[in-house]
Amino acid sequence: MFGWIIHPEEGAEPVKKTTTYILAIIVIVALVVTVYAYTTYLGEPEEFKGGDLIDDYGYSLNLTSPPERIVSLAPSNTEILFSIGAGDKVVGVTDFCDYPYNFTAWIEAGNMSTIGSFRSPGVEPIVALEPDLVLASKQSLEAAENLRNLGINVLVLDAKNMSGVFRDILLVGRAADRYSEAVAVESEFRQAIDAISNQAMDADSTPKVYNEVYPQMSAGPDTFIDELITLAGGTNIFHDAATRYPTVSSEAVIEKNPDVMVFPDKYMGREHFSETMEDVTNRPGWDLITAVQNGAIYEIDSDIISRAGPRLADALGILAKMIHPEIFGQP
């Protein structure tokens with residue numbers, strides 16, 4: 422049966438053809454494997470994951486194509502957009518957006534536009550930027566409704582706790598066609614939070630903490646500030662308040678006698694609420710408070726603790742030092 426192999430001079434042609442066929446098949450298989458491996462390594466182009474998006478107020482938005490001109494109506498929204506690599510799509514911000522860049526300089530150079538205040542902004546400057554997506558906030562609900570009536574895509578972000586912040590990062594990632602980047606940012610954010618909170622669990626005490634959001638106002642339940650205090654190993658003295666941001670009296674603070682007191686360094690650009698830290702400690706009756714007596718009164722960057730974005734991990738790290746310096750070191 423294999424006589425042509427033993428006597429090649431009688432059948433050399435079949436050997437030559439068979440060898441050619443085999444080599445051809447090997448080459449084709451190698452090419453297929455190489456192309457498959459190469460495309461697998463690089464990954465297929467990501468499909469836009471917009472689709473049906475539901476914002477923090479339950480509004481459903483169907484995005485069928487990636488936006489290219491995004492307007493942000495809140496500093497926290499701007500920070501999320503830039504953190505996930507969507508900054509190149511942002512064409513408009515508010516006067517209060519100042520991170521991760523000095524947008525004032527950008528605006529003066531003509532590389533960015535401002536729509537004015539983030540509180541009740543006017544619709545005209547937003548429409549003039551011809552956005553295909555607007556990220557609004559609870560401070561711009563009227564503008565959001567008016568923009569939707571004009572056929573403009575709008576999502577409203579209003580995270581009330583840490584899980585809401587995680588969700589909003591992913592939501593913006595889907596909307597801005599930066600989903601894989603958003604997943605990475607959200608994962609790193611979670612890991613930073615977990616690392617600090619796990620370390621705080623080693624504390625032997627749970628200090629009582631007063632956080633002043635604004636004079637005579639504190640953070641109550643179901644707020645990310647309340648949650649950050651807990652994660653840092655403390656107890657928010659107004660955790661049981663009836664509202665999320667309760668109005669509190671000086672007498673109530675004295676009665677609850679916090680071990681640690683935290684104040685924002687500014688609010689809406691006004692340094693120290695027109696008060697110095699010395700003025701705060703001299704408030705009537707506050708010399709009886711443990712935090713005042715022990716000098717456990719601190720200032721914190723009001724932006725990082727009030728903006729619902731990835732920098733809340735930084736806020737947690739600072740709070741942890743204020744609440745448990747024996748573990749995390751002095752603030």
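Residue 752 is where the sequence shown ends in our numbering, and the numbering goes up by one at each step. Here a beta-carbon is modelled for each residue, glycine too, at the ideal position from N, C-alpha and C.
Exposure of residue i, with buried meaning 16 or more beta-carbon neighbours within 10 Å
i, result
"E607", "buried"
"G730", "buried"
"K510", "buried"
"T644", "buried"
"L362", "Any question about residue 362 goes unanswered here, given that the chain covers just 422 to 752."
"S481", "exposed"
"D680", "buried"
"V544", "buried"
"L578", "buried"
"T668", "exposed"
"A640", "buried"
"V454", "With a pLDDT of only 45 at V454, under the threshold of 50, the placement of this residue in the model should not be trusted; the figure read from the coordinates follows. That one is exposed."
"P521", "exposed"
"A530", "exposed"
"A759", "The displayed coordinates of the chain run from 422 to 752. Any statement about residue 759 would go beyond what the structure contains."
"Y457", "Confidence is the limiting factor: at Y457 the pLDDT is only 44, short of 50, which leaves the residue's position unreliable, though a coordinate-based value still follows. By the 10 Å Cβ count, Y457 comes out exposed."
For residue i, the first and last residue of its enclosing beta strand (DSSP E)
i, result
"G472", "G472 to I475"
Whether residue i touches residue j by CB criterion (8 angstroms)
i, j, result
"N574", "D553", "yes"
"A624", "H745", "yes"
"D564", "P546", "Strictly speaking, residue 564 in this sequence is Ala, with Asp absent from that position. No; because the gap between Cβ atoms is not below 8 angstroms, this pair is not in contact."
"A653", "I617", "yes"
"P487", "D598", "yes"
"I726", "I646", "yes"
"R611", "F587", "yes"
"S497", "R728", "yes"
"D477", "G585", "yes"
"S626", "D686", "no"
"F749", "A741", "yes"
"E720", "F684", "yes"
"L550", "S534", "yes"
"N678", "I650", "no"
"V514", "T499", "yes"
Supposed close pair residue i, residue j - CB separation, criterion 8 angstroms
i, j, result
"V634", "G655", "With 8 angstroms as the limit, V634 and G655 do not qualify as a contact, their Cβ atoms being about 16 angstroms apart."
"L576", "A596", "6 angstroms"
"G706", "S670", "Not quite, the Cβ-Cβ distance comes to about 11 angstroms (not below 8 angstroms), so this is no contact."
"L484", "L474", "6 angstroms"
"I590", "I501", "6 angstroms"
"M743", "A712", "Their Cβ separation, rounded to whole angstroms, is 10 angstroms, which puts M743 and A712 out of contact at 8 angstroms."
"I614", "A717", "Between A717 and I614 the Cβ distance is about 23 angstroms, and since that is not below 8 angstroms, they are no contact."
"I756", "A621", "Within the shown structure, residues of the chain are numbered from 422 to 752, placing residue 756 beyond reach of any answer."
"F539", "F517", "6 angstroms"
"I420", "I675", "The requested residue 420 does not occur in the structure, where the chain is confined to residues 422 to 752."
Residues sharing a beta bridge with residue i, DSSP
i, result
"G513", "V492 and S534"
"F684", "E720"
"A557", "V577"
"S639", "E633"
"N657", "V630"
"N483", "D473"
"T668", "M638"
For residue i, the first and last residue of its enclosing alpha helix (DSSP H)
i, result
"S757", "This structure gives no information on residue 757, because the portion of the chain shown stretches from 422 to 752."
"E633", "Segment K629 to Y635 is the beta strand (DSSP E) holding E633; no alpha helix (DSSP H) there."
"E760", "Outside the modelled stretch of the chain, which goes from 422 to 752, sits residue 760, for which no answer is possible."
"W527", "F524 to E529"
"E747", "P746 to F749"
"V586", "M583 to A596"
"N570", "L562 to N570"
"P546", "E545 to V548"
"L709", "That residue, L709, is in no alpha helix (DSSP H); it is neither H nor E in DSSP."
"I505", "Neither: I505 is in no alpha helix (DSSP H) and is coded neither H nor E."
"T651", "F645 to L652"
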